Amino acid sequence: MRMSLICCPFNTSYGAYGSSLKSAIESKSGGTMQWVGSNCGCGDAMEVSRQFITDQCDYFEMPILRDARSRTAWQREAAGAARTVLLYFRAKRYAELSKDAELVHFQQIVNATGSKAVFHWLRQPSTATRIVTVHELDADQLASPEKSEAYNRADAIIVHCDAMREQLIGLRVRPEKVHVVLSGTDLPERSQEKRDGIVFYGAHHLMTGKGLDTLFRAMSVIRQERPLSVPTLTIHGHYGTVTPDAAMLLAKDFGIADKIVWRNEISNEEMVKLYQRSLVCVLPYTGGFAGLAASTAAACELPIVATRTAGLPDHLGESGIWVDENDADQLASRVLELLDNDESWQQAAAGVRKRAEELLSWDVIAENTLQVYEQAIANRTIAAAR
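With the sequence shown counted from 1, adding 22 to any position gets you the numbering used here.
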C-alpha cells in the first residue's frame, strides 16, 4: 500500500514524533511512507532556522500568516480571511504532492498544519483513505466550534487521550471515527549512570497550564524541609531556546532560582540522556498535553509525579504517582518520598518501565496505528459498495 505522511519536517517534538512513527510503520508493514512537509510559521527555533529532521521529504514553502489575535473585530476578520485563503492553497499543495498515495495521514499541529489547513485538505477530491491525528485543538476551531464537524470527512481521527476524544465528540465528530493511540517512545538500554535531581518538561507553552507556580512552591517547601540538601530542578521544553523572563522572576520570588538549571529546548536524544540521569520527573499540569514527557520518562525508568490531566492517566495508568492540581504541599511530599526512600523509588521505576514496554513503545504504537488504518480502509470499502 502506498502511504503518505503530512507532518512537520523540522527537528521539533512534532517532527521527531512523525519521524519515529514513520519508521515504526515502515518496519511493521514492510512498506515505505512518503513524507510531505512545509514551513508552518510556528516560530520554533528549529523551524525558523530550517533544521530538518529528514532529508527525504517532498517539501515546499509558501507564505504564512500566523494566528495573531487582534483586539478589533474588523482586523480579526480580515486576518482570518487572508489566512483562510493562504491555507486553502497550502491544502491543495498537500493534496497534489500526496495524490499517488492510497492512504494519507495528516498530523494536525498549528498554522500551516492546523485545523484550517486540515479542513481545506479534507474538502479536496481524493480516492485515498484519509487519517488525521489531532495533536491539539487550535484557536481557529475553538473560535468556531461548529467547523470541527469537517473532521467527519476523514475516514478516521487519531487522538492521544480519552479527554481529547470526548472533546472531539462534543464538537459533533462521529464517535466511531475517533480512536485513541498513545504517544510513543523509544526504549533505551537501561542506564547504570548515577541519578540525581528533578526534571520538568515545559512543553511548548511554559507559562500556561504546566503548573509551574505549583512546582516552584513545592520546591520552596522542599527547601524548608531539607535546607542542606535541596535537589536540583532541571527545566526543558519546546518553548524556545531562551528562558522566559517571567519564569526566572517566578523562581526568584520563591527563593529557588539557585537550584534551577534551565536547559530550554533540547533534542530528543539529549532529553533521554537527561531523564536517565534524573531521579524524579514532575508533571503537575493543569492543561495541555504531556504524553511525550510521560512516555520518555517511563522508558527511562524515571518515576513520575503527576496530576490526572494532560493525557497523563492514559499514558501512565497505575504506574503514575498522582497528586491533586495546584497542591504544592502534596507534590513536595511525593517527591521527597521518592528521594528519601530507595524501595519506593525502585518500585516506581520498575512500574513505569513495564508500562512503557507493554503500551508505549513505537512498535506497539505502530501496530495500533496500522489497526486504525485497516479499519478505516475496510469502512471506506463497505461505504463505496453501498
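Backbone N, C-alpha and C fix where the C-beta goes; we use that ideal spot for every residue, glycine too.
Because the structure is a prediction, the values reported are computed rather than measured.
> With a CB to CB cut of under 7 Å and the five nearest residues on each side skipped, what residues in its chain are close to D162?
Replying inline: Non-local beta-carbon contacts of D162 in its own chain, meaning distances under 7 Å to residues more than five positions away in sequence, involve D89, G136, S137 and K138 in chain order.
> So A95 is in the alpha helix (DSSP H); what residue range does that whole segment cover?
Replying inline: For A95, the enclosing alpha helix (DSSP H) stretches over residues A95 to L119.
> If G231 and Y307 are in contact, beta carbons under 8 Å, what's the gap, nearest whole angstrom?
Replying inline: Between the beta-carbon of G231 and that of Y307 there is about 6 Å, and that keeps the pair under the 8 Å contact cut.
> What is the C-beta distance between V202 and R187, in whole angstroms, given that I count them as a contact (C-beta under 8 Å)?
Replying inline: Right, their Cβ atoms sit about 6 Å apart.
>> Using only the alpha-carbon positions, how far apart do Y297 and E118 sit?
In response: Their backbone Cα atoms lie some 41 Å apart in a straight line.
> So P140 packs on V154, CB below 8 Å; how close in whole Å?
Replying inline: Per the sequence shown, the amino acid found at residue 140 is Val instead of Pro. Yes, they are in contact, since the Cβ atoms of V140 and V154 sit about 6 Å apart, within 8 Å.
> For G262, which residues of its own chain have a beta-carbon under 7 Å away from its beta-carbon, when the five flanking residues on both sides are left out?
Replying inline: Taken in chain order, the residues that qualify are A67, N286 and E287.
> Between E69 and F32, which are expected to be in contact by the criterion C-beta below 8 Å, what is the C-beta distance as a whole number of angstroms?
Replying inline: With 8 Å as the limit, E69 and F32 qualify as a contact, their Cβ atoms being about 5 Å apart.
> Which residues share a DSSP beta bridge with L305?
Replying inline: As computed with DSSP, L305 is found in a beta bridge with A328.
>> Quick check on A178: does DSSP put it in helix, strand or coil?
In response: In this structure, A178 counts as strand in the three-state DSSP scheme.
> If you draw a straight line from the alpha carbon of S45 to that of S35, how long is it in whole angstroms?
Replying inline: Just so you know, the alpha carbons of S45 and S35 end up roughly 15 Å apart.
> Can you name the residues that DSSP bridges to I282?
Replying inline: I282 is bridged by DSSP to L255.
> Is DSSP giving F311 helix, strand or coil here?
Replying inline: DSSP places F311 in coil when its eight states are reduced to three.
>> My assumption, with CB atoms under 8 Å, is that A134 sits in contact with C29. Please give the rounded CB distance.
In response: Not really, about 11 Å apart at Cβ, beyond 8 Å.
> From this set, V357, D184, I179 and L164, which residue's C-alpha is nearest H337's C-alpha?
Replying inline: Considering only alpha carbons, the answer is D184.
> With DSSP run on the structure shown, which of helix, strand or coil describes D275?
Replying inline: Helix, per DSSP.
>> Could you compute how far the alpha carbon of L361 sits from the alpha carbon of H182?
In response: If you draw a straight line from the Cα of L361 to the Cα of H182, it comes to about 31 Å.
> Can you tell which of T318, L228, R115 and A388 has its C-alpha closest to the C-alpha of H258?
Replying inline: Each of T318, L228, R115 and A388 was checked against the Cα of H258, and the nearest Cα belongs to L228.
>> Please identify the residue among A269, A321, W367 and A225 whose C-alpha is closest to the C-alpha of G310.
In response: That would be A225, whose Cα lies nearest to the Cα of G310.
> Taking Cβ positions, are A123 and M25 nearer each other than 7 Å?
Replying inline: The answer is yes: Cβ separation under 7 Å.
> Where L190 and H157 are concerned, what is the direct C-alpha to C-alpha distance, given to the nearest angstrom?
Replying inline: It is roughly 12 Å from the alpha-carbon of L190 to the alpha-carbon of H157.
> DSSP beta-bridge partners for F128?
Replying inline: Answer is I28 and V154, bridged to F128.
> From this set, A165, T236, K199 and L255, which residue's C-alpha is nearest R98's C-alpha?
Replying inline: Just measuring C-alpha positions, the residue of A165, T236, K199 and L255 sitting nearest R98 is A165.
>> Looking at A268: is its Cβ nearer than 7 Å to the Cβ of P325?
In response: Cβ distance not < 7 Å, so A268 and P325 don't count as in contact.
> If we count Cβ pairs, one from each stretch, closer than 8 Å, do we get three or more for the stretch 234-249 versus the stretch 351-359?
Replying inline: Counting Cβ pairs under 8 Å, three or more are found: they touch.
>> Assuming A378 and A321 are in contact, meaning their beta carbons sit under 8 Å apart, how far apart are those beta carbons, in whole angstroms?
In response: Taking C-beta atoms under 8 Å as the contact rule, A378 and A321 qualify, at a distance of about 4 Å.
> Exposed or buried, what is Q368 when buried is set at 16 or more other beta-carbons lying within 10 Å of its beta-carbon?
Replying inline: That one is exposed.
> For V394, does the three-state DSSP call read helix, strand or coil?
Replying inline: Three-state DSSP puts V394 in a helix.
>> Counting C-beta neighbours from all protein chains within 10 Å, is the total for P253 16 or more, i.e. buried, or is it exposed?
In response: Counting Cβ neighbours within 10 Å, P253 comes out buried, since at least 16 surround it.
>> Given this structure, state the Cα-to-Cα distance separating L109 from H260, to the nearest angstrom.
In response: Going by C-alpha positions, L109 is about 24 Å away from H260.
> Using the C-alpha atoms, what's the distance from I278 back to Q246?
Replying inline: When rounded, the separation of the alpha-carbon atoms in Q246 and I278 is 11 Å.
> In the structure shown, what three-state DSSP assignment does I47 receive?
Replying inline: Taken through DSSP and simplified to helix, strand or coil, I47 comes out as helix.
> By Cβ distance, which residues of its chain are closer than 8 Å to L382, with the 5 residues on each side in sequence left out?
Replying inline: Listed in chain order, the non-local C-beta contacts of L382 below 8 Å within the same chain comprise L204, S205, G206, T207, S317, A320, A321 and H337, local neighbours out to five positions each way being set aside.
> Over what stretch of residues does the alpha helix (DSSP H) that includes V357 continue unbroken?
Replying inline: Its alpha helix (DSSP H) spans residues A350 to D362.
> How long is the line joining the alpha carbons of R217 and S300, rounded to whole angstroms?
Replying inline: Rounded to whole angstroms, R217 and S300 show a C-alpha spacing of 5 Å.
>> So, with DSSP's three-state summary, where would you put T135?
In response: DSSP places T135 in helix when its eight states are reduced to three.
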